[in-house]
Amino acid sequence: MSYSRDELMEFNGEVVDRIMDVQAKLAELEDQMPAPTDRIEALQERLERLQEKYERIQAAFDALDDDDQDGDHD
């Protein structure tokens, strides 16, 4: 399935927002004493999955850019 640049930009914005939310929650939890390690580990795993999704979106942007450049050779 292929997405338009606008759709990718929307997905990218949503993922970036979620990454920032998870990072903020992690920072709050890490400041607590004692730190809730189970919750921190779960959030770190979620952050890792979001970062992987972000990388896939960036790869899709790169593929769109490559397609755009290939189409410019009329």
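Residue numbering for the sequence shown follows the working numbering, starting at 202 and increasing by one per position.
Note that CB positions come from ideal geometry on N, CA and C, so glycine has one too.
Quick check: what's the CA-CA separation for residue i versus residue j?
i: Asp-232; j: Glu-253; result: 26 Å
i: Asp-167; j: Met-221; result: With the chain covering 202 to 275 only, the question about residue 167 has no answer from this structure.
i: Glu-211; j: Leu-244; result: 23 Å
i: Val-217; j: Val-223; result: 10 Å
i: His-274; j: Gly-214; result: Here His-274 scores only 46 on pLDDT, less than 50, and its place in the model should not be relied on; the value that follows carries that caveat. If I take the Cα positions, the gap works out to 31 Å.
i: Ala-264; j: Ile-241; result: 35 Å
i: Tyr-255; j: Pro-235; result: 32 Å
i: Asp-267; j: Leu-209; result: 15 Å
i: Arg-206; j: Ala-225; result: 28 Å
i: Leu-230; j: Ile-258; result: 29 Å
Starting from residue i, trace the alpha helix (DSSP H) in both directions and tell me its first and last residue.
i: Ala-236; result: From DSSP, Ala-236 is part of no alpha helix (DSSP H); its letter is neither H nor E.
Do residue j and residue i count as a contact pair if the criterion is CB distance below 8 Å?
i: Leu-251; j: Leu-227; result: no
i: Ala-260; j: Tyr-204; result: no
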